[in-house]
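With numbering that gives the first Met the number 0 applied, the sequence shown has no gaps in its numbers, which climb one by one up to 225 at the end.
Here is the structure we will look at.
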Amino acid sequence: MIIQGLNNVMAAYGAATRTAATRQTSTGNTANNADQVSISNEAFALLSKSQASNTQDAAIKQRLAEIKAKPGVERTEADTEYLVKNDKRFIELQEKMKASGLDGFDSLTADEVDYMQKAGGFVNTMSYLSTGEKALYDEMVAKGNHEAAHGLMLVGMSRIGMGGQQVTLPNGKTFDPTSTEVTADNIRNLFKLMFVDPSDQTDRQFDALAAYLDTRSVSSNATQTA
């Protein structure tokens with residue numbers, strides 16, 4: 000049996016294959032176009048959502064800034080509620096405090112206490128401590144010596160509103176709390192005498208701070224000698 004016109008058959012088959020391929024490509028292109036439109040719409044939706052979120056974030060930041068600019072005594076209950084619900088770092092630090100089981104700010108670093116005092120409208124004692132004194136505070140907190148840390152906070156409190164003024168103590172001595180170095184002797188003989196506390200709590204805190212500074216000084220001297 001002789002098969003004739005094989006070339007014609009192959010040509011016809013090739014043409015049919017090319018036609019089918021063309022149809023598939025066209026269909027694929029259409030699908031791709033549809034995908035592109037779909038992706039573009041999704042991207043637009045995401046962009047719109049992002050812009051709305053940015054606008055909302057900006058409004059929240061502005062409102063928080065307005066609240067924090069007010070002294071604590073001038074803040075309304077609504078101000079406090081807004082701060083507690085929307086200040087992310089304030090919320091995180093509150094959760095840290097609760098989780099620690101410790102009183103007040105005892106679980107926080109100097110930087111964290113500073114933030115909480117400013118954001119919450121509390122008396123900002125931490126802002127009156129030097130960088131080195133804040134590092135000392137962190138050191139004492141890390142070692143669990145909270146009484147000593149409270150004593151250092153009292154040093155910050157003693158400096159509030161002083162502006163370089165001299166303080167006259169009951170024993171007649173005078174000194175400037177803002178420029179006086181925090182040493183064991185200065186804590187016992189100067190800073191401690193600025194406070195009158197019938198409960199003796201401030202005395203205990205200053206004594207704890209002075210004792211810690213004594214120990215720290217001895218350890219430092221021993222290290223240098225070695």
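Glycine included, every Cβ here is placed at the ideal spot set by N, Cα and C.
Below 8 Å CB to CB, which residues in the same chain sit around residue i once its five sequence neighbours on both sides are set aside?
{"i": "Arg88", "result": "Tyr114 and Ala118"}
{"i": "Gly163", "result": "Asp175, Thr177 and Ser178"}
{"i": "Arg203", "result": "Glu146"}
Whose C-beta lies closer than 7 Å to the C-beta of residue i among residues of the same chain, with five residues either side of it excluded?
{"i": "Thr182", "result": "Leu212"}
So, under 8 Å CB-CB, residue i and residue j are touching, yes? Tell me the CB distance rounded to an integer number of Å.
{"i": "Thr261", "j": "Leu189", "result": "There is no way to answer for residue 261, as the model of the chain reaches only from 0 to 225."}
{"i": "Leu208", "j": "Leu151", "result": "6 Å"}
{"i": "Met125", "j": "Gly155", "result": "6 Å"}
{"i": "Val140", "j": "Thr173", "result": "Wrong, their Cβ atoms sit about 32 Å apart, outside the cutoff."}
{"i": "Ile66", "j": "Asp56", "result": "16 Å between Cβ atoms; not a contact."}
DSSP state of residue i, grouped into three classes?
{"i": "Val122", "result": "coil"}
{"i": "Thr79", "result": "helix"}
{"i": "Val259", "result": "Given that the chain is displayed from residue 0 to residue 225, the structure contains no residue 259 and the question cannot be resolved."}
{"i": "Phe194", "result": "coil"}
{"i": "Phe89", "result": "helix"}
Taking the C-alpha atoms as reference points, what is the distance between residue i and residue j?
{"i": "Ala58", "j": "Gly71", "result": "21 Å"}
{"i": "Leu63", "j": "Ser216", "result": "43 Å"}
{"i": "Gly103", "j": "Ala210", "result": "23 Å"}
{"i": "Lys69", "j": "Gly120", "result": "8 Å"}
{"i": "Asn93", "j": "Gly171", "result": "Note that residue 93 corresponds to Gln in the displayed sequence, not to Asn. Rounded to the nearest angstrom, the two C-alpha atoms are 43 Å apart."}
{"i": "Asp236", "j": "Thr75", "result": "With the chain represented from 0 up to 225, any question about residue 236 goes unanswered, as that position is not in the structure."}
{"i": "Thr29", "j": "Asn53", "result": "In this prediction, Thr29 scores a pLDDT of 48, lower than 50, which makes its location untrustworthy; no coordinate-derived value is stated."}
{"i": "Glu80", "j": "Thr214", "result": "44 Å"}
Whose C-beta lies closer than 6 Å to the C-beta of residue i among residues of the same chain, with five residues either side of it excluded?
{"i": "Lys191", "result": "Phe205"}
Inset, instruction - Evaluate the contact criterion for the stretch 115-135 versus the stretch 144-152: three or more CB pairs, one atom per stretch, below 8 Å. - result: yes
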